Every structure is written in structure tokens, then in C-alpha cells.
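In what follows, a single structure is set out as C-alpha cells and then discussed.
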Amino acid sequence: MNYSYPEIQDVASKLKDKERITKDGKAILRAPEFNSLFSKLKEMDSENRGKFGKEINDLKNELEVILEDIANSSSDVEQIDISAPTDINVSPEKHPKLLSSIYGSKHPLMVELDKVLGIFYRMGFTAVESRQIDDDYHMFESLNFPEGHPARDDFDTFMTKDGLIAPAQTSTMQNRILKAGKEDLEKGNPIAVVVPGRVFRNEDVDARHGHTFYQLEGIYVNKGVNTGHLISTFKTFLEEYYGQKMELILQPFYFPFTEPSFEFVLSCPFCQKKGCNVCSQTGWIELGGCGMIHPNVLKMAGIDSEEYTGFAWGFGIDRLVMMKYGIEDIRHFMSGKIEFLRQF
Amino acid sequence: MKISLNWIKEFTDVDLSIDELISKIGTQLGAVEEYEYIGDKYKGIVIVEVKECIKHQQADKLNVCRVDDGGYIKDVQRDDQGLIQVVCGAPNVRAGMLAVWIPPKATVPSTFNKDKIVLEARELRGIVSNGMLASPKELAFGDSHEGLLEIDTDIKPGTTLIDAYKLDDYVIDLENKMFTHRPDCFGILGIAREISGIQDIQFVSPKWYKENIESPIGNGTLALEVNNQAPELAPRFVAYSVSGVEIKPSPLFMQSMLSRIGIRPINNIVDITNYMMTLTGQPLHAYDYDKVTSKNDGRAEIIVRRGINDEKLTLLSGKEIALKESDIVIAIDDEAIGLAGVMGGATTEVDENTRNIILECANFNMYTIRRTSMDYGLFTDAVTRFTKGQSKRQNLAVALKTLEMIRELSGGQLASEIIDNNYTAQKISRVSISTDFINSRLGMKLTSEEIQRLLGNVELIVEKENDNFSIGESFWRTDIEIKEDIVEEVGRLNGYFKLPQDLPYRQIKPAMVGEQLQTASRIRDLLSAAGANEVLCHSFVHGDLLKKSHQDSSLAIEINNAISPDLQYYRLSITPSILELIYPNLRSDYSDSDNKSFALFEIGKSHNNQDKDEDNLPLENITLGLVFAADSKTAKRHFEGAAYYQAKEYLSYLLEKLGLPLQFLPLNNSKDYLKDDIWFKQLVEPYEDKRSALLVIGKEPVGVVGEFKNSVKTSLKLPDFTAGFELKLSALDNVNSETTYLPLPKFPKIHQDICLKVDAKITYDNLFNLIWDKIEASKPDKTSFDLRLVDIFQKEDDLDNKQITFRLTISAYDRTLTTESVNELLDGVASTLEKEISSSRI
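Quick note, the sequences are listed as chains X and P, same order.
Per the numbering used here, the first sequence starts with residue 1, numbered consecutively.
Per the numbering used here, the second sequence starts with residue 1001, numbered consecutively.
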């Protein structure tokens, strides 16, 4: 760009010098040369003043663009030999090396999930990960939520522009799992699957509520499965997980996809019902929901609901981990803070 | 939803302690959020007669009263007639009235739960006031504070407030989600029936609560017509007019009951409709008859219809809304006067001048009410109940009981017929079920008599023939459709805690293990053992992050209703999410901050709007991403050269452990591999072409490793020493991780270095492979060897060449190798290479 005032043109050529600009970096926008231009500006008549001032600004803008180009340009990026294990002229003691394992950590949610899955594997369950984007059919319709049903209000779901859903619960996988297991079921093998995965709620976030958390869904279908089986299966899991005898209470609840439906409440494993901070002094902890799979849900997967019955449950992994370690803020999990991560 | 235990007890016995009751409700009805004994608030508060009321000499607005408490309070100053002096500023205080006295040492009830005020005897402008006379607000009977609460019935002075209004009560707050399919449980009557049922006590509905009733005939003075133009949305519409109502406060027993469960008393008519709604779950609405007719040439014709787009309606709350066709509207002539089932209109509101009213007791489509409620953000008590789908069969009973209360409490008379047109009696839903079915689903051994009793206790219609039942839906219920509904009912009323707890039978056949989850788990073990930290990042990202990472947001799936712009898009790959964590971690002072180098990794999913799976849903790409970063001080001290090699070190470690062979291709020479892969192009976008490698299996790109573009580094404030990789997890599945074993050598190994000066353009692996192949071809018999890099050196004054030193380790299985033979081998390699690539041995 050329400037009509020789004073500005002069400064421009000085400042646009590649060496100068690389050396000064952003400081070039406050170079002493500008001060001299501004003092000239003050002496000018009103006709020239505006034009002169505008050209000073133009120069600054031009410099900013050059600065940005330099920052972003890859023209001076050197090609490296990507096939080598190390760079040229690096002394052997500074060759690439892995960090000491003392710094390493697995995410606490994943560690816990592995532990939980391990128990269910031993109990004869297989595992399938849940989807992070799904359609209305799987999230609602196949789960016996009619269109417009108020029960849908219990979930503040994230919707995409194309009408897809960020699943609010791992039950979004139920229809697929039932369908996949149907053939084997009819050969006499139960459907026994756990579904870990991320679920999403479009809610305000605070220390106890994240918009994203991990859930574990469980599904068991066979001939002759009854409500007593549901309670005992889940209780067995909890006792194995906590390594102690537990009490489990089912509170009647309503979910469209189970009948009957419950919330399960367990005796606090941290204080043996005496009352502590984890259970808010009540001795009991509400952990998740469960119930006998609604016949409509089985039918929707092509399974004969007269012949086969089953149960399903879901609970949050975040909650288990928070209780276990006394983690005060659910947001730490997805904060990526090394200070947090390296404690595990 | 709050309920009053004393109100419940009007309909059923409760033979349990409060703790037993709460725990029983929890396990057999639904979760209790909390409960409170409200009697504590009213301790010591007593009804008094104001015997004398004279003006305070020193204060215009105060009166000095002498009140009679029937001698109830012991420890208080009395005059010679036994009366107590109380100073009072309320405008309605007068001799002869019955008022409520809060004596010294008692607490003002409205302050009981927060900032407690305990009264005492103290001087007011020189005259001692022993406690105070109380307003409704101070007694937590609504929020009126204009004057004293006047006792409206003949009660003997000295009666405690608790006794007079049954305030020895527990208010129980029930979570109501479990009643989504039980509209009847949004009424005291429904809850009382269930509390009776779970105690195994036969419930008996009050006499007025029945489905088929003879309607009374009105005096015919106030004509009323209902023109229901939308019967599909308003399947039942009961209405009548009442003449000669006197609007006044409702009786205190009613005000007290409504306010303890959180409903503000307004006037007798509004309070009656609220009282009946709370009792039965059926919302009601009263219109001012004369306001309705004045708008319509003296005719009272109520029209039920759909809204007209953009039609205006001012609601009772004062808010004006523009209606939509999807709404149900109550109208007169061409003017909307109410948003049906949601909120009444302001223009026909019942006020203190109202003399005649129209009472509506209707049933509306739950889906329509729900949509309207969401559209306008109106969540009223009526909406809560209508959206559960109230039974159409109870309207007449509720309407007539309401009429009876209006007569009693306002003096009004039925002035029209009871309009209930277009309603035809419903067929009762029935379910056939056997004792065996119920027992098999529950895992119990109940007798048919027990089942009959449990269901009969809550007044379901039970017809039994041996072990077979036909269960009919009582007129207040809407949830008995399938056998499982009966199983639920029996299980719950009997108590789930009584179920035997057997585990299901299981086969010995081992369950399959989720392969992908296993792979992820193994990677986690390996990388954490290599000092890396696993992170979990959000699946959603801000559009700015995509931009900073050079990714194209038009390919990202966009969230429509995100609460925050941070959650605008599904991420296109994992690398940007991890890059975003680098700067905050470098800035934070986590321990060991002298050595600020770290590797963060995540195994996660990303999506785009182009790639679809077999269900035509967005394909879920699972990748492993890792980023290594060190601040300049640490990089200088521990890591020299390009950061690329540090990321590659992690990748190579992983590949070696997993036994996965991958091809590394310079990214700037391998664009052909990416040609049609929209997603993969996005994945490599943040990476700098000249300092990254594409990872390929066969022809398929499976990952990228490298440093980041300068602009990415600038905008995400990355330190110079940053590099990473991202790799499809599927590439790591199914890899042959079986180790190949070589027998241990019995004879000593020989180590020998070979340093070659080669053209700087020859790549490392090219040279390595050449040497390897030469050694392999000419090595002595029965030997095994290994070749490792020692270093790569370049003289400052000779940039066209580089010197690479390798160390050969070789041994034979059956003899001790001689140094001479190894020298000979390497000499041969060097001279062949000299011919082939013009290298020279140093």
C-alpha cells in the first residue's frame, strides 16, 4: 500500500521491514515513529488532519495484517523427516522419551466404569457402548413415549438442527439391544447386556449437575424373569461393588418404558446407615431408576411379551465416583485439570 | 406436591407413626421429598376475645386492648378481671371480636423457619403490650397484612389455634414424577385412597364422589349456553351459572388448609375451586357472569374452540398473549376470555363486586394443554393436573360438590341447568388376568383372595372367578390398560420389600466381552503407564474452537437449543478439545511446576453431518487423541529438536505394545489418501503439513501425528513444544498382539556402530531399511541381530548432508562371533551403500 504523505510513506517503509517487524512483534504498533507522526498531525490544518489521521490508521491496520500473516504463515516452517525417531543434532540424552509413569493417570470415571463392567462381565453380561447422537425413535418412541407425552418433559434434551437428539439416557440403546438379542433369545439364551455411555441434559450447570455425565444401563430378558430377580440382581452387583452387605429399597416411580417402575435407594455404604455427609445424614442414597421392561418396548423390538419378560436399570457413574472420593464438584471430571487428574 | 396429613385423615385411618408412614409412602407410593410438623409453629398461640379497645394516648394508630384468653396462658400479666393488655395497630381491631393472640415467649409463625421472632412483653409508646394480636400473614394463613385475622366462627376464647384449625398437622411434600400416569393422585382423595391401600385398609370414597348422579334443576334466572366447537380437544365440558353469590374471604378452616399446602387464599369462590381441585385433581374455573354477558348483548354463550392466530388475550396474571391455532380457548362471541385448562382471562375475573358466576368443570386434551403451557411458559396448578390426563368420568361429581360448597359458603343458588352436553358415558376399561400371571411376574405366591383384597382396598372394580379376575377401571383412574398395570398395582400395594430375592438362572456359557471397550481399556493402561493423563472432554464445542482449529463448522452437527454457545456443535475430532486444555494447564500451578511437560489423551467420539451409518444416523467416529506439550523452559532442559518426535515416541510405543504396523507418510505428500474422506480431512486440519505424518494401513488413512499450524498455536496459545496424534480406535481393534519370541542367545553379543554420511534428503527409514536389508542379506549363518539409532548429526557448514550412526547388536546361536566377522559385515554394507546412494562411512 502506498501513502500519499511522504512522512507516512517513510515510516511505513521503515516499519514494514521484515527484520524489524519480526524483532518488534506486536510492539511495532506502538513504535516511536508513530509518536512523531501524531505530533505532526497536531500541527496540521483541519483539511489535512482527517486524511493524515486516516492514513496513520491505515498503516497500523496494514501492520496488523502483516503481523497476523507472519504468525500464521507456514512459509518459514521447516520440513522435518517424519520417518526418523528423533531430530537432527539432538544429544542422545535428550532424545524423545516417555514421561515417568509416576505422572500417568487414568480418568477416575473410566477406572470406575472398568470396575463396574468387570463385575457385570463376571455376572454374565456383555457390554455395548451407548450412542452420543440418536433419533426420536430410539430415544422416545421405541421406549413407549408417545409423541407430545408429558413424560418427555422430564428430560431437557439437546436437539440438533436436523431434529436428532443428544440422548438423555442410555435407554436410547434398548431397542437396538433387544432386536440384536432376539434371535439368540429364542434359542434359549438370555439377553444380558450393560450399556455404558455419555448422556446429556440441557440444564444449567452447577457443582452437582453437569450437562454431560456417564450412565450405565443394564438389560436382562428371558423366560420367567420377575421383579424379585431385578432386585436381587442389582443388590448382588452393589454388594460386590461395595464389598459389603447392603439394603436396597425400591421406591415406586413412573417411566413409560418400564412397568412397574422404581427408583432404587441403597443403604449408605459409607456410614452403614448411621448418617454421614455422603448421604446427607439420611443413611440412604438414591442411585438410579429401574423396572420391568414394558411389554410395548419388547413388542417394538419384535419380542413376544407374553413369553419373555425382563428388567432394565440405569444409574450414573459420576455419582458413584463423587461419593467414593468425596469429589465436591462434578465439573472437575471434564475440566481436564492436571491437578485433578494426577490424583487418580 | 404438598399434602396435609390431617386432610388425608378425613378420608382414611392412619394407624402408623409418622416415621413408619413416611417410610411406607416411600416404598409403596413414591419418594417423599420432605415433611414438616407445622404444629410447632403454633405452640402457645390462642384464640382470644377482645373485651375492650381504647385509643392509645400517645399514638394515633394504636389501640390498647384487653383480651380474654380464658385463662389459658399461665405466666402473663393480667388485670384484676384476669384480662391481658395488648397494644394493637390493626385497623379492624374492635371490642367483641375474636382474634388470635401470640403471647410472650411464643414465636411469630411466619418467622418460624427463618429469622425467628420470639415475642415478649414490651412497652409501646409507654404502654406494655403482652405479645401481639396477629394478622393472617403473621400466622402464615396467606399473605394478607391489612388487618387482624378475624375468627369467623363461634369459638370459645382460650381455644388454641392448633385445636381450632387442626394445625397439629404434618405437611408431606411428595415427589410427583411417579404420578405421571396417575392423575387421581394429584388430589388428596387419590392419595388418601393409596395410603389406605398400602396399610391394607379398605378405602371408602365419600358419598358425593360417584360417577352417575342426578343433576339438580336450577332456578332458571341466569340462562347459559355452551357451544363446544372443539369436542376432540374438550371431550367433556360441565358448566352452570350461580346467582346471588356474596364474595368474601373463605372460611378460615379452608384458608388454613390451602395455605399450609402452598395455595394463597383469594376469596370464597376462587378458594372453593382451588380446594376442590386439590381434593380431586380436577381443575375448575369461575367466570363473572355479568362480565361475560355485558360483552355479548346480555347473552351468556360460552364457546369452546381453537385459538385464532394472533388473537389477543389478557390473562389473569396480567400478561397479554397472542393466541395460536394449537390452543384451546374459551370465548364469547368473537372474543377469547380464557386459555382453557391453563389460565383464565382478566376480563371475566371474579372480583369483590361479582354477584353471579359461571362455573366450569371441563376436561381438556392433555397434549394440547402441554403444548400451550410450553409455548407461553405457563405452568399453573391446573396445567400440572390437566397434563396428566384427568379422568373424564369424575367431572359431574366434582361440579356438583363444588356447587354445594358455593351454596354453603357464598349463599349462591343454581341459576341454570347443569350443562354437560356432548358427553357420552365412557366404556369401562377392563383387564383380564389370572393369579398365576401376577405371581409369575412378581415371583410371589399370593392367593387370589389376597389379590382381590389388595385391589378392592383401593376400590378397583374386581370381579373374581376362581383364580381369574376381570379388573375394571374405577371412574377416577386412567391407567388400567394392560396386565402389567395390575401386576404393578398388586406388587406395590403388597409391598415390593416382600418379594423373594432370587437371582435369575444363568448359563455357564461365557459372556462376550465388548471388544472396543477392551481396546480402550488396554490403551488407557499403556498410556497412563507412559506418564500420560487421560482427560474427558465435552462432546460439544464452541464454534470458535472449530475455527481456531481450521475446521469447517458447516460440516459439524449443530445443536439447536444449547443453553450456552460453548455447546454449539458436536466436535469434528478430538484433537482441538485437547489443545484447548494445554494453555490453562500450563498456566495453572499444579504440583511439579518446575517440570511443565505433560501428555493428555482422550478416547472419545466425534461426529459430522456427512458420514452416515447403516441406520442413516451420523456415524460415530471413535478416536484416540494425545497431545504432548512442554513450556519453553522444560522443553529446553529435557527435550531437544522438534516436538513432533515426542508425539511420535508415544505413538510408536503404543504401536509396538499393540503389535500394530503403520505406515508413516509425510502429510504434505499424501493428500491423495484423503481425497474423498471429508471427515479425515477435518481431522488433520489443525496439523502442520510439513511437520506431520499421515498414518496409513494399506490405502486407508487411520490417523495423523505431528505439530500444529502456526495459526492454531497462536490462537490456542500453545507453547512451541506441542505435538500430538489422533488415531482411529478401529485401527487398533483386531490387531495381532501376539508376541514373537526368539530363543535367548547362549553366546555373547557383539555391538558395533556404523556411521554413514548421506545426502540430507534421504529419509531416515529409507536408510534404516537399506542397512537392515543389507545386513539381513549378508549376515553370517545362524545369527540374529538388532539395529538401533545412536544419533543423527549435521554440520552447520554442510547442510546438504547428514551423518547417521546406528548400532548393530548381533549374536550367533551356535558359536561366539568374532569382531572381525562383524567388521567385515559392516564394511560390506558400507561399500554397497556407497555405490547405491553415494554415502560415505565415517
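Every residue, glycine too, gets a C-beta built ideally from N, C-alpha and C.
As the structure is a prediction and not an experimental result, all values here were calculated from the model.
- As the crow flies, the alpha-carbon of Tyr103 (chain X) is around 13 Å from that of Lys337 (chain X).
- In the DSSP secondary-structure assignment, Tyr1170 (chain P) is bridged to P:Tyr1037.
- When rounded, the separation of the alpha-carbon atoms in Lys1319 (chain P) and Glu1335 (chain P) is 16 Å.
- At a C-beta separation below 9 Å, Pro167 (chain X) has no neighbours in chain P, since its nearest C-beta there lies roughly 11 Å away.
- Residues of the stretch 1188 to 1201 of chain P with a C-beta less than 9 Å from any C-beta of chain X: none at all.
- Around the beta carbon of Gln174 (chain X), a 10 Å sphere encloses 16 or more other beta carbons of the protein chains shown; the residue is thus reported as buried.
- A Cβ of chain P is located within less than 8 Å of the beta carbon of Ser83 (chain X).
- Straight-line measurement puts the Cα of Pro1206 (chain P) at about 22 Å from the Cα of Ile1269 (chain P).
- Taking a contact as a CB-CB distance under 8 Å, the pair Phe1639 (chain P) and Pro96 (chain X) counts as one, their CB atoms being some 7 Å apart.
- At least one CB atom of chain X sits nearer than 8 Å to the CB of Glu1558 (chain P).
- In this model, Glu33 (chain X) and Arg49 (chain X) are separated by some 18 Å (Cα to Cα).
- The beta carbon of Thr227 (chain X) is closer than 8 Å to those of Pro260, Met292 and Phe311 in its chain, skipping five residues each way along the sequence.
- Note on Pro1565 (chain P): under 16 other CB atoms within 10 angstroms of its CB, so exposed under the neighbour-count rule.
- Residues of the stretch 213 to 226 of chain X with a C-beta less than 9 Å from any C-beta of chain P: Tyr214, Tyr220, Asn222, Gly224, Val225 and Asn226, listed in chain order.
- Within the stretch 237 to 259 of chain X, those residues whose Cβ lies closer than 7 Å to any Cβ of chain P are, in chain order, Ile249, Leu250, Gln251, Pro252, Phe253, Tyr254 and Glu259.
- Interface annotation, Pro1666 (chain P): in contact with chain X, CB-CB separation under 8 Å.
- For the stretch 1682 to 1702 of chain P, the residues whose beta carbon sits under 8 Å from a beta carbon of chain X are, in order, Glu1688, Asp1689, Lys1690, Arg1691, Ser1692 and Ala1693.
- Within chain P, the residues whose beta carbon sits less than 8 Å from that of Met159 (chain X) are Ile1559, Asn1560 and Asn1561, listed in sequence order.
- About 11 Å separates the Cβ atoms of Gly1082 (chain P) and Gly1158 (chain P), ruling out a contact at the 8 Å cut-off.
- Of the other Cβ atoms in all chains shown, fewer than 16 fall within 10 Å of the Cβ of Met1 (chain X); this residue is therefore exposed.
- In the DSSP assignment, Ile1482 (chain P) is bridged to no other residue.
- When Cβ-Cβ separations below 8 Å define contact, Pro96 (chain X) makes contact with chain P.
- In the three-state DSSP reduction, Pro1745 (chain P) falls in the coil class, being neither helix nor strand.
- Out of P:Asn1710, P:Asp1079, P:Lys1051 and P:Pro1104, the CA that lies nearest to the CA of Tyr1042 (chain P) is found in P:Pro1104.
- Between Ala1760 (chain P) and Asn1801 (chain P) the beta-carbon gap is near 6 Å, inside 8 Å, which marks them as a contact.
- By the Cβ neighbour-count rule, Met322 (chain X) is buried, with 16 or more other Cβ atoms within 10 Å of its own.
- Per DSSP, the beta-bridge partners of Tyr1687 (chain P) are P:Phe1708.
- Under the Cβ distance rule, Gly316 (chain X) does not count among the residues neighbouring chain P, no pair being separated by less than 8 Å.
- Residue-level contact by beta carbon fails for Met322 (chain X) and chain P, as no gap is shorter than 8 Å.
- Close CB contacts of Gly1344 (chain P) within its chain, under the 6 Å cut and outside five residues either way in sequence, are with His1285, Leu1316 and Gly1338 (chain order).
- Judged by DSSP secondary structure, Tyr121 (chain X) falls within the alpha helix (DSSP H) whose first and last residues are Pro108 to Arg122.
- Contact between the stretch 1235 to 1243 of chain P and the stretch 1353 to 1364 of chain P is established, with three or more Cβ pairs separated by less than 8 Å.
- In this structure, DSSP gives Lys179 (chain X) a helical state, which the three-state scheme calls helix.
- Residues of chain X with a Cβ closer than 7 Å to the Cβ of Glu1488 (chain P) are, in chain order, Glu259 and Pro260.
- Exposed is the label assigned to Ser1470 (chain P), since fewer than 16 other Cβ atoms lie within 10 Å of its Cβ.
- Think of a sphere of 7 Å around the beta carbon of Arg1430 (chain P): no beta carbon from chain X falls inside it, the nearest being about 17 Å out.
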